[in-house]
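Asks: Residue 167 in the numbering used here is what sits at position 125 of the sequence shown, and the numbering runs on without skipping anything. Don't be surprised by glycine CBs; every beta carbon is placed ideally from N, CA and C. Everything numeric in this text was worked out from a predicted model, so none of it was measured.
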Amino acid sequence: MNEWPALLQRAQLGDKQAYQRFLTEALPFLRSRARRYVSAQQVEDLVQDVLLTVHRILHSYQYDLPVEPWLSGILRHKYYESWRELAKGTWQPLAEDDSWHPVADFAEESQADAVTRVLAPLNAEQAQALFATKVAELSVQETANLMQRSVAWVKVNVHRAIVLLRTELTEEP
Numbered sequence: 043m044n045e046w047p048a049l050l051q052r053a054q055l056g057d058k059q060a061y062q063r064f065l066t067e068a069l070p071f072l073r074s075r076a077r078r079y080v081s082a083q084q085v086e087d088l089v090q091d092v093l094l095t096v097h098r099i100l101h102s103y104q105y106d107l108p109v110e111p112w113l114s115g116i117l118r119h120k121y122y123e124s125w126r127e128l129a130k131g132t133w134q135p136l137a138e139d140d141s142w143h144p145v146a147d148f149a150e151e152s153q154a155d156a157v158t159r160v161l162a163p164l165n166a167e168q169a170q171a172l173f174a175t176k177v178a179e180l181s182v183q184e185t186a187n188l189m190q191r192s193v194a195w196v197k198v199n200v201h202r203a204i205v206l207l208r209t210e211l212t213e214e215p
């Protein structure tokens, strides 16, 4: 393991023997790490995905950094990528049944009062971000431009607003 950075550096320069030696020595490490994520039957598939990725991004390795975290990061990324792919294939849209939506029969003026009461715990910027993204259905980028804030700021404030509202609405009166 101590020689891995030097082997990878030589491999980046085209030394095929150094690359082969690195791959041979890295296999047991990758297999043991892969067992943390997948069943024994899936270890080899995950390791092969990692090795293909290592081959593709070998040029990105910085030889002054440790190899193990770099390999572990690739392994973790490939694991989560495989789960995303699996989830894409099994996702089913909800039926067009609106029966699960809460129904409230409010007069128009009482609707405004109810919305005002529900949004009261939010600060003005959280309420604006939430309204823009969820009610006006603007994208996060459009909301960020409108509010002259960053995309990350909008995402954080919308998330915080939703968490706060969820807490407020689920508490017993």
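Over the uninterrupted alpha helix (DSSP H) stretch that includes F224, give me the two end residues.
Replies: Given that the chain is displayed from residue 43 to residue 215, the structure contains no residue 224 and the question cannot be resolved.
Asks: Assign Y61 to buried or exposed, taking buried as 16 or more other Cβ atoms, counted over all protein chains shown, within 10 Å of its Cβ.
Replies: Buried.
Asks: Can you tell which of H119, L69, I116 and Q183 has its C-alpha closest to the C-alpha of E86?
Replies: If we check each option's Cα against that of E86, L69 comes out closest.
Asks: Let's test the definition: count the other Cβ atoms within 10 Å of the Cβ of N199 and tell me whether it reaches 16, buried, or not, exposed.
Replies: With 16 or more other Cβ atoms within 10 Å, it is buried.
Asks: Consider the C-beta atom of T212 and the heavy atoms of the ligand GTP; say whether any pair is separated by less than 8 Å.
Replies: Absent from the structure shown: the ligand GTP. Ligands present: none.
Asks: Would Y121 be called buried (16 or more neighbouring beta carbons within 10 Å of its own) or exposed?
Replies: The residue is buried, with at least 16 neighbouring Cβ atoms inside 10 Å.
Asks: Could you say which of R78, A53 and A82 lies nearest to R98 if we only look at CA atoms?
Replies: Considering only alpha carbons, the answer is A53.
Asks: When you compare only the Cα positions, how much space is there between R77 and W125?
Replies: Their Cα atoms are separated by approximately 15 Å.
Asks: Between A174 and the rest of its own chain, which residues show a CB-CB distance below 6 Å, the 5 nearest in sequence each way excluded?
Replies: Here the set comprises L180 and T185.
Asks: Go through its chain and collect everything with a Cβ distance to L113's Cβ below 8 Å, but skip five positions before and after it.
Replies: Correct list, in chain order: A68, F71, L72, R75, V92 and V96.
Asks: Can you tell me which of the three DSSP states L49 falls into?
Replies: The answer is helix: DSSP assigns L49 an H, G or I state.
Asks: Consult DSSP for R191 and reduce its assignment to one of helix, strand or coil.
Replies: In the structure shown, R191 sits in coil (DSSP, three-state: anything other than H, G, I, E or B).
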